[in-house]
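Undergrad: Residue numbers (this note's numbering): 39 to 399. Virtual Cβ for every residue (Gly too), placed ideally from N, Cα, C.
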């Protein structure tokens, strides 16, 4: 409901620009702002729950009670709400700087430009305060698996360094201009600040998503859509026994039909038939492995080229080494889900992975 109100009011602002009385237009802006913020709060309750399901309210955690209020009002709810609200205010402030610089520099109205820059002091300070408190709370309430993922992943440490650098630059430059040099605001400077603000929050969203691994919902749903409580069942009965999609894949894998009646042994036809059978079963196993890859691995990994591609990680490994690696996925890499199939399925997956492994250079 609030999202629909947000979209409708945004369209009203755009299509009735300069057509509504100023007071009415201001009311539409406030309707948009309130609806957008409530949408932000609702979405944040979900994303925060996915990162840490521990309850904020007294009475227990969602993992124990299963109650909606314990899921929505979790320990990450307030920190992430502060961060998102502060981020929205900061980006809005930077956009106002950019819009004012573009329009008022063109009309050479430097006095009005300086006034606009000074008027944005209050939202700027509120944004910085919310961001500071929210980021501190986010780190303080990070789940144990999220903290380990953050500490051990080199790329996330690089991104944190980039966020600290970008955040420091944006804060120092905006405070300096807003409080000491409001007349110096120009298009290039404002555009640079706005782009750095977008980069800052884009990197932050990437980090927020990455520290959830190996879970989609902390301690409950793994990144491959398998419930953490069903791992032992999957290992015992096989991954193909879990879920309608995999059952469908098991019985609809294509492989070349061969004559199941073997010729008399010792004849050339018998030898050719045996070779055809081996090739057919190999193709079947590879196709089974492909289906397993799509359901167990493809949520986080591309195949040969792309995001966290698996192929280059297998250079120099034999089929046996790949199968052994598959069976112990989360032992060397703790932010990966554990293997959720049986040994036969691990061999099928290894046979498929062997087909996408690049040759050693």
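Ignore the nearest five residues each way along the sequence and tell me which others in residue 91's own chain have a CB closer than 8 Å to its CB.
TA: Correct list, in chain order: 99, 100, 101, 109, 112, 255, 256, 257, 258.
Undergrad: So the beta strand (DSSP E) residue 345 belongs to, where does it begin and stop?
TA: Careful: residue 345 lies outside any beta strand (DSSP E) and carries neither H nor E.
Undergrad: What are the boundary residues of the alpha helix (DSSP H) that includes residue 394?
TA: Counting along the chain, the unbroken alpha helix (DSSP H) around residue 394 starts and ends at 381-394.
Undergrad: Can you have a look at residue 275 and say buried or exposed, based on whether 16 or more other CB atoms are within 10 angstroms of its CB?
TA: exposed
Undergrad: Excluding the five sequence neighbours on either side, which residues of its own chain have a C-beta within less than 7 Å of the C-beta of residue 360, listed in chain order?
TA: 352, 388, 391, 392
Undergrad: How would you label residue 52, buried or exposed, when you count the other beta carbons within 10 angstroms and need 16 or more for buried?
TA: With fewer than 16 other Cβ atoms within 10 Å, it is exposed.
Undergrad: I'd like to know whether the C-beta atoms of residue 89 and residue 184 end up nearer to each other than 8 Å.
TA: yes
Undergrad: What residue does the alpha helix (DSSP H) around residue 69 start on, and which one ends it?
TA: First-last of the alpha helix (DSSP H) with residue 69: 60-89.
Undergrad: Evaluate residue 189 with the Cβ neighbour count: other Cβ atoms within 10 Å of its Cβ, from every protein chain shown; 16 or more gives buried, anything less gives exposed.
TA: When all chains shown are included, residue 189 counts as exposed.
Undergrad: Are residue 139 and residue 74 touching if we call contact CB-CB under 8 Å?
TA: Result no, Cβ atoms of residue 139 and residue 74 do not sit closer than 8 Å.
Undergrad: I'd like the span of the beta strand (DSSP E) that includes residue 254, first residue to last.
TA: In the DSSP assignment, residue 254 falls within the beta strand (DSSP E) that extends over 253-255.
Undergrad: Confirm the yes/no value for this check: CB of residue 72, any heavy atom of the ligand SAM, distance under 7 Å.
TA: Although the ligand SAM was asked about, the structure shown includes no ligands whatsoever.
Undergrad: For residue 394 and residue 379, what's the separation of their Cα atoms in angstroms?
TA: 21 Å
Undergrad: For residue 295, which residues from the same chain have a beta carbon less than 6 Å from its beta carbon, with the 5 sequence-adjacent residues on both sides left out?
TA: Below a pLDDT of 50, predicted positions are generally treated as unreliable, and residue 295, at 43, falls in that range; no measurement from the model is reported.
Undergrad: Which of helix, strand or coil does DSSP assign to residue 93?
TA: DSSP places residue 93 in strand when its eight states are reduced to three.
Undergrad: From 234, 57, 248, 86, pick the residue whose C-alpha is nearest to that of residue 372; which is it?
TA: 248
Undergrad: So residue 190 is in the alpha helix (DSSP H); what residue range does that whole segment cover?
TA: Segment 182-190, the alpha helix (DSSP H) holding residue 190.
Undergrad: CB residue 370 to CB residue 252, shorter than 8 Å?
TA: no
Undergrad: Using three-state DSSP, classify residue 275 as helix, strand or coil.
TA: helix
Undergrad: Keeping to the same chain, check which residues put their C-beta closer than 7 Å to that of residue 70; ignore five residues upstream and five downstream.
TA: 44, 47, 48, 51
Undergrad: I believe residue 237 touches residue 277 by the beta-carbon criterion, under 8 Å. Please report the beta-carbon distance rounded to the nearest angstrom.
TA: 39 Å between Cβ atoms; not a contact.
Undergrad: Hey, how far is the Cα of residue 245 from the Cα of residue 193?
TA: 9 Å
Undergrad: Output the distance between the C-alpha atoms of residue 158 and residue 122, rounded to the nearest integer angstrom.
TA: 18 Å
Undergrad: For residue 172, which option in 242, 187, 224 has the closest C-alpha, if you only look at C-alpha atoms?
TA: Ranking the options by Cα distance to residue 172, first place goes to 242.
Undergrad: For residue 112, which beta-bridge partners are listed by DSSP?
TA: 93
Undergrad: Three or more C-beta pairs under 8 Å: does that hold for the region 207-225 against the region 138-157?
TA: The region 207-225, when compared against the region 138-157, does touch it at the 8 Å Cβ threshold.
Undergrad: How close, in whole Å, do the beta carbons of residue 199 and residue 129 come, if the pair is a contact with beta carbons under 8 Å?
TA: No, residue 199 and residue 129 are not in contact; Cβ-Cβ is about 21 Å, not under 8 Å.
Undergrad: For residue 383, which option in 398, 272, 196 has the closest C-alpha, if you only look at C-alpha atoms?
TA: Here the closest residue by C-alpha is 272.
Undergrad: Alpha carbon to alpha carbon, what distance is there between residue 61 and residue 84?
TA: 35 Å
Undergrad: So what's residue 204 in DSSP terms, helix, strand or just coil?
TA: DSSP places residue 204 in helix when its eight states are reduced to three.
Undergrad: DSSP three-state label for residue 367, please.
TA: coil
Undergrad: When DSSP labels each residue in this structure, what does residue 164 get in the three-state scheme?
TA: DSSP places residue 164 in helix when its eight states are reduced to three.
Undergrad: Around the Cβ of residue 176, are there at least 16 other Cβ atoms within 10 angstroms (buried) or fewer (exposed)?
TA: buried
Undergrad: Residue 232 and residue 133 - do their beta-carbons sit closer together than 8 Å?
TA: yes
Undergrad: Would you kindly work out how many angstroms separate the C-alpha atoms of residue 340 and residue 86, rounded to a whole number?
TA: 27 Å
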